[in-house]
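Worksheet: the structure to be examined is printed underneath.
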Amino acid sequence: MKTDGAGKTRSFLDPLVVARLSAIPLVARRSMLGGVSGRHTSPHRGSSVEFAEYRKYVPGDDLRRLDWRAFGRSDRYYVKEFEADTNLRCILVIDTSGSMAFGSVGKTKLEYARSLAATLGYLAIAQGDAVGMTCAAEKIVREIPARRNPSHLSHLLDEMEVVQAKGPTRLPEILHELAETVRQRALVLVFSDLFIEPSMLRNCFEHLRFRKHDVGVFHLLDPEELKFQFLRPTRFIDMEGGPSVFVEPNEIVDRYQLALQDYLAKVQKVVLETSTDYHRVSIDEAYEPVLAKFLTGRIHGRSRR
Amino acid sequence: MSFLQPWLLLALPLVLVPIIIHLVNQWRYQTKPWAAMMFLLAAKSMHRGLAKLRQWLILAMRVLAIAGLILAISRPLTSGIVGLVTGGRIDTTIVMLDRSPSMLQQSPSSRESKLATGLRQLRQTLSTQSSARWILIDSAVPTSQEFESLDALIDSPVSLGTSAIGIWPAMFQSALDYIHINRPSQTNIWICSDMRQGDWQADRGPWPAIREAFQKLSSPVRFFVLTYPEIASSNYALSVEQVRLVGDADHYEVVMTIRVRRNTPNQGTETVPVQIAIGSGHSQVDVDVIQGLGELKDHRIPIDSSTTLGWGKAWIPSDVNPADNEQFFVFNVAPVQQTIIVVEQPELTLPFQIACEIPKDASGTPDVSVVTFDKVSQVNFDDASLVIWQGALPTSEIADQLSDHLNRGRSVWFLPSMALLEDRSQGNSDTTFGGFRWRDNRMLESPIKPTTWRSDEGLLASTQSGMALPVGEILVSRYATIEGETMALATLEGGAPLLAKLNIERGHAYVCTTLPVDRASTMATNGISLFVAIQRSIEQGGIALGNAIAYTAIPKLRGANDRQPKDGSRSESSVATPTTSELNLTAVETWHPIAVDDRFVSNELGLHSGVFESGAKLVAVNRSPAEDNPESLSETQFAQLLHGLNYVRIEDSAGSNKSIQQEIWRAFLLLMILALLLEALISLPRKQLAK
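Chains C and Z supply the protein sequences, listed in that same order.
Each step along the first sequence adds one to the number in my numbering, with nothing skipped, and position 278 is 278.
Each step along the second sequence adds one to the number in my numbering, with nothing skipped, and position 600 is 905.
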């Protein structure tokens with residue numbers, strides 16, 4: 001049974017998977033700035049039960065926060081501060097360019113991205129975080145601002161369902177735009193095949209990092225793209241409208257693999273240098289383990305108070 | 306290249322299958338929407354390196370594998386260069402076969418002769434080729450003979466060895482004539498020979514004309530020369546010469562000179578036992594061979610006094626060439642030896658006449674006729690053993706008669722005219738005979754003597770007791786000078802010849818440069834030398850008379866019996882041939898064989914050694930002495946002979962089992978396996994890259 005919270009059936013959302021994954025919280029790797037109290041660390045001091053630090057009293061401080069016990073021991077005035085907990089804003093950036101319509105295993109990369117994004121959105125809203133969505137192709141195809149009320153989830157899923165992959169990609173420009181428009185300290189999750197020059201990706205990720213966003217990337221690749229095993233001469237038609245290419249696969253496979261490995265190595269270097277939470281996914285894998293790995297990985301890498 | 310299963314070559318177009326599959330594959334391409342174009346574009350922009358070459362190599366290996374398989378099952382035959390240039394259907398194949406005695410030299414191990422080896426090789430090689438016509442031109446019968454098939458040609462009796470010398474220019478001329486008449490579209494000429502100098506006549510003969518004629522042919526002619534130049538060093542050749550019967554009615558002896566020649570000079574002395582059989586008698590004599598040559602002069606064998614005409618056979622132990630181990634000879638009582646003296650004035654040659662008239666032994670009184678120039682046309686030279694010609698050299702018909710006289714093995718002396726000795730203006734005559742002419746005279750105030758003369762052999766040789774002739778006592782005050790190729794037997798002070806022998810092939814022709822008159826010399830008063838020389842000359846010429854005739858086997862040349870027409874005019878033969886008097890081949894057909902190998906067909910009797918009966922005469926036929934000369938044509942000499950012609954030379958040896966053509970299907974099978982392995986190796990995925 002694949003339904004959202006409103007009871008509507010979604011082909012790309014499996015409640016069982018959501019149920020299993022709901023035991024693992026979606027956490028940010030760095031402090032977030034939320035509008036309400038939540039389960040993520042905030043850069044500000046708050047009133048939670050978790051002790052943060054002692055600070056010297058300065059005139060103007062609320063006397064109620066003065067630690068009298070510390071005064072009794074040291075004859076000095078200290079203010080006892082506690083950590084603040086807040087919610088986060090999660091922006092789901094889905095690449096809807098033509099290349100995302102490719103899939104040789106019964107589903108396209110876009111469908112796979114839908115499953116990932118929908119599940120994560122569900123989990124985030126369920127734990128009180130605000131979730132927004134941006135569909136990026138040649139331009140921003142759809143944009144939904146982040147909200148945290150459960151009814152927003154239905155709207156989000158509806159939009160996800162109708163979006164289609166077509167046109168060329170301008171993901172780098174859109175990511176730069178998002179870096180500027182989304183308020184600081186958000187969780188930005190990118191679902192894309194990243195057929196972009198690694199140097200351009202580096203700029204995007206550095207820009208997002210500069211704006212203190214926590215960036216996660218799901219790099220979706222089809223197994224056919226990874227192996228490139230064809231027997232007959234083939235005319236490859238660019239799904240993003242570029243020129244077609246006629247090749248003898250046996251003749252070019254070596255060089256294709258060279259180019260692919262070179263690209264993947266560069267991407268790997270970029271994500272390491274920009275502290276991006278990078279996950280390369282072959283879309284013939286089940287998406288549940290991918291998400292489980294993503295969520296648990298973030299628990300280990302969450303920010304310390 | 307030729308094939309045992311050539312029809313399987315029809316499958317050769319199958320080599321195109323990999324190419325066709327490749328092209329079809331290219332044509333039947335699929336169209337696929339593709340997302341990861343950036344990798345494809347990056348891959349295409351990379352340097353291809355060996356990738357493209359790899360594809361072509363794979364395709365080439367597949368083509369090679371199929372070609373190798375088809376060629377292997379077609380059972381190809383090859384022989385190096387021969388294999389490359391032969392092949393296809395030939396219009397005419399001419400086999401030129403050397404059947405001379407030297408081709409019967411055997412391999413020491415297999416005892417197979419050069420001729421048998423050559424025929425075997427030809428059968429093996431040519432059986433794989435198809436030819437519309439098979440022509441044989443052999444050295445014994447150098448005219449073209451057509452056969453129905455190769456086997457008929459090889460198995461014909463004419464492919465047996467003979468005693469006749471080969472005349473290769475004549476054989477080439479026959480091949481040329483055949484091509485001119487029949488105009489084949491393509492001709493392959495296979496030559497099988499041991500390349501003996503004597504057979505090929507490289508230094509004479511019309512080779513330039515033959516070469517030019519072949520080059521001018523419109524249809525292509527290719528020569529394949531199968532040579533057997535190997536010389537067996539340990540081979541001995543026996544020859545028996547100057548056989549004659551001497552003695553009186555009570556006691557006869559056969560006198561002969563026996564020569565044993567070794568192919569290469571030996572160290573020290575080797576003794577070769579020579580067996581001689583005459584009638585029922587048999588004897589043996591040892592001949593010492595020193596430096597490759599052994600000679601026993603005037604060996605005497607007593608025979609039954611009742612035998613005045615007979616034959617015999619001499620032989621040496623068997624060696625690698627059985628064809629030169631035996632000789633047949635015939636002998637006869639010396640006939641009445643007639644001498645004809647043709648003179649200007651009878652008194653000028655009176656001492657010669659006296660010397661001729663003195664009988665050498667009691668066998669009879671010599672018959673001497675003296676005629677003057679005006680009656681010379683009435684003279685019959687047929688029965689004369691010696692002709693003494695004093696005066697201007699003969700011309701026209703008389704010259705031809707004297708040439709014929711010489712060709713029959715008889716003797717002629719030429720003496721100068723008195724006018725030439727006394728008047729210089731009589732010299733410088735243009736008339737020549739046998740390559741010499743009278744030139745000038747010398748009139749000396751004080752007479753001179755001969756300073757040197759040949760005392761080892763010839764007319765002025767020392768006597769049997771070893772005493773030298775008193776040639777040096779002769780005084781010469783007038784003598785004539787001569788011009789031409791001669792061999793001096795006695796030389797006067799100053800180097801002018803007193804007595805010289807003409808350089809002719811048959812017969813014995815001498816030139817005496819002075820006259821036995823007081824005004825010219827003291828030859829008459831110091832007459833011992835003159836007498837001995839004249840007697841020896843009569844004896845030389847007399848050997849050719851009588852009922853015992855020795856011939857040298859010669860090839861059956863086209864028109865050989867017409868070469869000296871009765872009208873006396875010289876025929877123009879395009880090739881150098883032996884003189885006709887060696888053997889009258891027309892007469893051979895009437896011969897009755899007495900001692901001859903019965904394997905030989907009757908129409909080839911004159912080509913094989915043996916003894917024959919021709920009416921009242923006995924005829925001994927032996928191989929030519931030229932066959933005993935082991936010198937072969939070098940590669941350079943041969944290349945010069947066929948310069949400008951398309952030929953392939955293949956060197957082989959007697960008894961060789963190495964075939965000229967061999968099956969090489971294994972090589973093609975190996976090629977196929979190699980191609981498949983290489984194809985697999987090149988097609989292997991590159992694991993390192995995949996990782």
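Note that beta-carbon positions come from the ideal geometry of N, C-alpha and C, so glycine has one too.
Please read all numbers here as calculations on a predicted model, not as lab measurements.
- For PHE344 (chain Z), the closest alpha carbon among the candidates C:THR169, C:ARG142, C:ALA130 and C:GLU197 is that of C:GLU197.
- Around ALA347 (chain Z), the beta-carbon contacts reaching into chain C at under 9 Å are ARG255, TYR256, LEU258, ALA259, LEU260, ASP262 and TYR263.
- For HIS485 (chain Z), the number of other beta carbons within 10 angstroms of its own is below 16, and it is reported as exposed.
- Under the 10 Å beta carbon count, ARG928 (chain Z) is surrounded by 16 or more other beta carbons and is classified as buried.
- Put simply, the segment 529 to 537 of chain Z touches the segment 411 to 423 of chain Z. At least three CB pairs are less than 8 Å apart.
- At least one C-beta of chain C is nearer than 8 Å to the C-beta of ASN330 (chain Z).
- The beta carbon of LEU364 (chain Z) sits closer than 7 Å to the beta carbons of PRO323, ILE324 and HIS327 from its chain, once the five residues preceding and following it are set aside; these are given in chain order.
- Distance from the CA atom of THR433 (chain Z) to the CA atom of TRP312 (chain Z), rounded to whole angstroms, is 13 Å.
- Going by beta carbons, ILE494 (chain Z) and MET401 (chain Z) fall inside the 8 Å limit.
- Secondary structure remark: continuous alpha helix (DSSP H) runs of at least 4 residues inside the segment 106 to 177 of chain C, in chain order: 109 to 126 and 150 to 162.
- Chain-order list of chain Z residues neighbouring THR234 (chain C): TYR334, GLN335, THR336, LYS337 and TRP339, by C-beta distance under 9 Å.
- Counting only runs of 3 or more residues that sit fully inside the segment 185 to 258 of chain C, the beta strand (DSSP E) segments are 187 to 192, 214 to 221, 234 to 238 and 245 to 247, in chain order.
- In terms of Cβ geometry, ARG89 (chain C) and ARG209 (chain C) do not form a close pair [threshold 8 Å].
- Here LEU807 (chain Z) is actually not in contact with ALA795 (chain Z); their C-beta atoms are around 15 Å apart, not less than 8 Å.
- Straight-line spacing of the CA atoms in TYR77 (chain C) and HIS300 (chain C) works out to 37 Å.
- The Cβ atoms of TYR784 (chain Z) and LEU797 (chain Z) sit closer than 8 Å to each other.
- Residue environment analysis places ASN637 (chain Z) among the buried positions, since at least 16 neighbouring C-beta atoms fall within 10 angstroms of its C-beta.
- From the beta-carbon of LYS357 (chain Z), the residues of chain C found nearer than 8 Å are GLU251.
- Setting aside the 5 residues that flank it on each side, LEU175 (chain C) is surrounded in the same chain by CYS204, each with a C-beta closer than 6 Å to its C-beta; the list follows chain order.
- For the pair ARG567 (chain Z) and GLU546 (chain Z), the CB atoms are not nearer than the 8 Å cut-off.
- Contact annotation: PRO721 (chain Z) and LEU598 (chain Z) have beta-carbon atoms that are not nearer than 8 Å.
- Look at TRP896 (chain Z) here: in three-state DSSP terms it is coil, with no helix or strand label.
- Under the three-state reduction of DSSP output, TYR263 (chain C) falls in the helix class.
- DSSP lists Z:VAL565 as the bridge partner or partners of GLY599 (chain Z).
- Here the C-alpha atom of THR96 (chain C) lies approximately 34 Å from the C-alpha atom of GLN331 (chain Z).
- The criterion of a C-beta distance shorter than 8 Å is not satisfied by MET408 (chain Z) and SER937 (chain Z).
- Between the alpha carbons of LEU982 (chain Z) and TRP512 (chain Z) lies a gap of roughly 55 Å.
- PRO381 (chain Z) has Z:PHE308 as its beta-bridge partners, per DSSP.
- Take LEU187 (chain C), set aside five residues on each side of it, and the residues of its chain with a beta-carbon closer than 6 Å to its own are ALA28, LEU88, CYS90 and ASP214, in chain order.
- Closest by C-alpha distance to ARG425 (chain Z), out of Z:ALA437, Z:PRO755 and Z:ASP456, is Z:ASP456.
- Per DSSP, the beta bridge partners of PRO802 (chain Z) are Z:THR796.
- Contact of MET351 (chain Z) with chain C by beta-carbon distance below 8 Å involves ARG255, LEU258 and ALA259.
- With respect to the 8 Å criterion, SER435 (chain Z) and ILE442 (chain Z) are not classified as neighbours on the basis of their beta carbons.
- Taking the Cα positions, SER275 (chain C) is about 11 Å away from ARG30 (chain C).
- PRO607 (chain Z) and SER415 (chain Z) have their C-alpha atoms roughly 41 Å apart.
- Per the coordinates, the alpha-carbon of VAL717 (chain Z) lies some 52 Å from the alpha-carbon of GLN491 (chain Z).
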